[in-house]
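J.: The structure follows.
Protein chains: 2
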Amino acid sequence: MIFSSTLLENAVNEFAKLPGIGKKTALRLVLHLVKQDLQDVTQFSDIIARMRNEIKFCKRCFNIADDELCNICKNGSRKTELICVVENIRDVIAIESTQQFNGVYHVLGGVISPLDGIGPDQLTIDPLLERLQQESVEEVIFALSPTIQGDTTIYYISKKLNAGGKGPAGVKISTIARGIAFGGELEYADEMTLAKSISNRIPVENFIVSGN
Amino acid sequence: MIFSSTLLENAVNEFAKLPGIGKKTALRLVLHLVKQDLQDVTQFSDIIARMRNEIKFCKRCFNIADDELCNICKNGSRKTELICVVENIRDVIAIESTQQFNGVYHVLGGVISPLDGIGPDQLTIDPLLERLQQESVEEVIFALSPTIQGDTTIYYISKKLNAGGKGPAGVKISTIARGIAFGGELEYADEMTLAKSISNRIPVENFIVSGN
Numbered sequence: 001m002i003f004s005s006t007l008l009e010n011a012v013n014e015f016a017k018l019p020g021i022g023k024k025t026a027l028r029l030v031l032h033l034v035k036q037d038l039q040d041v042t043q044f045s046d047i048i049a050r051m052r053n054e055i056k057f058c059k060r061c062f063n064i065a066d067d068e069l070c071n072i073c074k075n076g077s078r079k080t081e082l083i084c085v086v087e088n089i090r091d092v093i094a095i096e097s098t099q100q101f102n103g104v105y106h107v108l109g110g111v112i113s114p115l116d117g118i119g120p121d122q123l124t125i126d127p128l129l130e131r132l133q134q135e136s137v138e139e140v141i142f143a144l145s146p147t148i149q150g151d152t153t154i155y156y157i158s159k160k161l162n163a164g165g166k167g168p169a170g171v172k173i174s175t176i177a178r179g180i181a182f183g184g185e186l187e188y189a190d191e192m193t194l195a196k197s198i199s200n201r202i203p204v205e206n207f208i209v210s211g212n
Numbered sequence: 213m214i215f216s217s218t219l220l221e222n223a224v225n226e227f228a229k230l231p232g233i234g235k236k237t238a239l240r241l242v243l244h245l246v247k248q249d250l251q252d253v254t255q256f257s258d259i260i261a262r263m264r265n266e267i268k269f270c271k272r273c274f275n276i277a278d279d280e281l282c283n284i285c286k287n288g289s290r291k292t293e294l295i296c297v298v299e300n301i302r303d304v305i306a307i308e309s310t311q312q313f314n315g316v317y318h319v320l321g322g323v324i325s326p327l328d329g330i331g332p333d334q335l336t337i338d339p340l341l342e343r344l345q346q347e348s349v350e351e352v353i354f355a356l357s358p359t360i361q362g363d364t365t366i367y368y369i370s371k372k373l374n375a376g377g378k379g380p381a382g383v384k385i386s387t388i389a390r391g392i393a394f395g396g397e398l399e400y401a402d403e404m405t406l407a408k409s410i411s412n413r414i415p416v417e418n419f420i421v422s423g424n
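Keeping their order, the protein sequence lines are chains G and Y.
Read left to right, the first sequence gives residues 1 to 212 (the working numbering).
Read left to right, the second sequence gives residues 213 to 424 (the working numbering).
Below is the structure:
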């Protein structure tokens with residue numbers, strides 16, 4: 001792509017550094033901004049710079065935060081005895097958007113994946129074990145990807161909790177249910193999911209209660 | 213989507229204002245920026261703001277420009293007697309990227325389209341006619357969309373040139389060739405294109421010359 005303006009070219013190159021944005025999309029976005037009011041573009045630019053400059057990670061749950069603690073940890077009406085362990089911030093937003101979970105979170109920062117060079121030390125597993133010792137936690141719910149890496153991570157952390165003596169005895173450990181998605185069709189489900197959904201079948205009386 | 217950080221939410225909302233960027237894509241882009249160096253994000257933000265603040269439109273051809281004149285109009289080695297009339301800046305970039313055109317441009321800002329409320333006065337047609345009087349132009353090449361609106365615009369401007377006495381006599385008017393795209397298959401071409409490509413057929417000796 002050959003530009004006749006350096007200002008335009010630089011702006012397009014900056015947008016094209018973003019993931020999933022090619023040169024043509026970047027050009028479309030920049031030409032859109034050229035047509036907007038100066039004030040609106042200045043606001044766009046300021047908000048992005050300010051976000052990167054001021055954003056923090058919650059010192060308790062490692063969620064994204066405006067202050068030392070995130071808004072969820074600061075919220076007095078959340079049940080701190082219920083910790084949902086997730087891989088990343090996107091998962092927190094996804095679960096929050098269901099408006100069905102009233103506990104708190106712990107963001108691991110990924111899952112154990114030796115092939116990608118991610119071991120337990122790269123994740124926030126030790127801070128999680130410390131939280132379990134210091135706070136009075138009743139249940140840890142793992143909401144990790146249903147992959148071998150996710151399962152390995154659950155296995156690793158639950159071993160540490162039970163055997164290492166680091167976590168308190170009697171803390172309940174659970175994982176989110178895996179099965180056929182709501183509205184999904186049986187014939188298109190993979191065999192593993194279908195098999196798990198049969199072996200983890202739910203008594204209908206429970207199903208009706210949880211369906212409310 | 214429920215966020216636990218106002219900084220994050222504001223940044224996502226700003227990105228989601230861009231055309232073709234939904235909330236989920238905006239979140240992906242913002243979380244990418246969160247992971248980048250502060251310096252890189254500041255540069256991103258600065259370059260966007262500076263571009264919008266400093267960019268101009270060339271006072272001669274209405275292309276996007278860093279100064280009063282765009283880099284193409286400033287370039288002494290371009291043939292100013294050959295003007296290519298295009299709809300917008302994207303078209304200039306597309307033609308420049310072929311590296312086959314050595315004339316100059318005139319950006320109309322659109323095509324005549326009464327249904328969309330775009331008449332000749334909304335376009336840079338008068339400045340084009342002035343250019344044709346003031347500069348010694350040999351040929352005007354129309355490179356507009358092959359639509360009814362594009363054809364109407366070509367017809368309108370060429371009438372003005374020949375009859376209105378505004379343009380100089382003897383200026384050649386042409387349009388870019390329409391036909392089967394290079395690598396395209398005949399059977400998938402629409403009838404109009406195929407018919408035009410037959411009626412505008414090229415003697416093979418010309419074809420070989422222009423194919424070089």
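The beta-carbon is built from N, C-alpha and C at its ideal position, and this holds for glycine as well.
From a predicted model like this one, the values you see are computed outputs, not experimental measurements.
(1) What does DSSP give as the partner residues of residue 351 (chain Y) in its beta bridges?
(2) Going by beta-carbon coordinates alone, are residue 144 (chain G) and residue 124 (chain G) separated by less than 8 Å?
(3) Around the Cβ of residue 128 (chain G), are there at least 16 other Cβ atoms within 10 angstroms (buried) or fewer (exposed)?
(4) Assuming residue 278 (chain Y) and residue 6 (chain G) make a contact with CB atoms under 8 Å, what is their CB distance in whole Å?
(5) With a threshold of 7 Å on Cβ separation, who are the neighbours of residue 120 (chain G) within its own chain once the five nearest residues in sequence on each side are excluded?
(6) May I ask you to report which of helix, strand or coil DSSP gives residue 242 (chain Y)?
(7) Look up residue 16 (chain G) in the DSSP assignment and say whether it is helix, strand or coil.
(8) Any C-beta of chain Y within less than 8 Å: which residues of the stretch 93–104 of chain G qualify?
(9) To which residues does DSSP link residue 370 (chain Y) through a beta bridge?
(10) Hey, would you say residue 23 (chain G) sits closer than 8 Å to residue 34 (chain G), going by beta carbons?
(11) Report all residues from its chain with a CB closer than 6 Å to the CB of residue 215 (chain Y); omit the five preceding and five following residues, and keep chain order.
(12) Using a Cβ distance threshold of 8 Å, determine whether the stretch 243–260 of chain Y contacts the stretch 47–64 of chain G, with at least three qualifying pairs required.
(13) Does any C-beta atom of chain G lie closer than 8 Å to the C-beta of residue 242 (chain Y)?
(14) Name the residue from Y:411, Y:344, Y:387, Y:346 whose alpha carbon lies nearest to the alpha carbon of residue 365 (chain Y).
(15) I'd like to know whether the C-beta of residue 192 (chain G) is nearer than 8 Å to at least one C-beta of chain Y.
(16) Using C-beta distances below 8 Å, list every residue in its chain close to residue 283 (chain Y), excluding the 5 sequence neighbours before and after it, in chain order.
(17) Is the CB of residue 424 (chain Y) under 8 Å away from at least one CB in chain G?
(18) From the DSSP output, in three-state form, read off residue 57 (chain G) for me.
(19) Residue 343 (chain Y) and residue 318 (chain Y): beta carbons closer than 8 Å?
(20) Using a 10 Å radius around the Cβ and a threshold of 16 neighbouring Cβ atoms, would you call residue 349 (chain Y) buried or exposed?
(21) Report the residue ranges of all alpha helix (DSSP H) runs contained in full by the stretch 303–358 of chain Y; include only those spanning at least 4 residues, in chain order.
(22) CB residue 315 (chain Y) to CB residue 294 (chain Y), shorter than 8 Å?
(23) Which two residues bound the contiguous alpha helix (DSSP H) that contains residue 409 (chain Y)?
(24) If you reduce the DSSP assignment to three classes, tell me which class residue 21 (chain G) lands in.
(25) Beta carbon of residue 330 (chain Y): closer than 7 Å to some heavy atom of the ligand SAM?
(26) Judging by CA-CA distance, which residue of G:161, G:150, G:203, G:93 is the nearest neighbour of residue 140 (chain G)?
(27) In this structure, what does DSSP give as the bridge partners for residue 261 (chain Y)?
(28) Look at the alpha carbon of residue 158 (chain G) and the alpha carbon of residue 39 (chain G), and state the distance between them as a whole number of angstroms.
(29) Compare the C-beta of residue 47 (chain G) with all C-beta atoms of chain Y and state if any pair is closer than 8 Å.
(30) Skipping 5 residues on each side, what residues in its chain have a beta carbon closer than 6 Å to that of residue 363 (chain Y)?
(31) What in chain Y is Cβ-close to residue 42 (chain G), meaning under 7 Å?
(32) Could you pull the start and end residues of the alpha helix (DSSP H) that residue 70 (chain G) belongs to?
(33) Give the interface partners of residue 276 (chain Y) over in chain G, defined as CB-CB distance under 9 Å, in chain order.
T.: In terms of the structure at hand:
(1) DSSP lists Y:294, Y:384 as partners of residue 351 (chain Y).
(2) no
(3) By the neighbour-count rule (16 or more Cβ atoms within 10 Å), residue 128 (chain G) is buried.
(4) About 6 Å; that satisfies the 8 Å criterion.
(5) The beta carbon of residue 120 (chain G) sits closer than 7 Å to the beta carbons of 112, 156 from its chain, once the five residues preceding and following it are set aside; these are given in chain order.
(6) helix
(7) In the three-state reduction of the DSSP assignment, residue 16 (chain G) falls in the helix class, which pools H, G and I.
(8) 93, 96, 97, 99
(9) In DSSP, residue 370 (chain Y) forms no bridge with anything.
(10) no
(11) 221
(12) Counting Cβ pairs under 8 Å, three or more are found: they touch.
(13) yes
(14) Y:387
(15) no
(16) 277
(17) Residue placement at residue 424 (chain Y) is flagged as unreliable, the pLDDT there being 40, under the threshold of 50; the coordinate-derived value follows with that caveat. It does not; no Cβ of chain G falls within 8 Å.
(18) strand
(19) yes
(20) By the Cβ neighbour-count rule, residue 349 (chain Y) is buried, with 16 or more other Cβ atoms within 10 Å of its own.
(21) Runs of the alpha helix (DSSP H) lying entirely within the stretch 303–358 of chain Y and spanning at least 4 residues, in chain order: 337–346.
(22) In contact: residue 315 (chain Y) and residue 294 (chain Y) (Cβ atoms closer than 8 Å).
(23) 403–411
(24) coil
(25) Within the structure as shown, the ligand SAM is missing, as the structure has no ligands at all.
(26) Comparing C-alpha distances from residue 140 (chain G) to each of G:161, G:150, G:203, G:93 shows the shortest one belongs to G:161.
(27) Note: residue 261 (chain Y) sits in no beta bridge, so no partner.
(28) Each residue's alpha carbon lies about 52 Å from the other.
(29) yes
(30) none
(31) 261
(32) Unbroken run through residue 70 (chain G): none, as it is neither H nor E.
(33) 3, 4, 5, 7, 8, 31, 34
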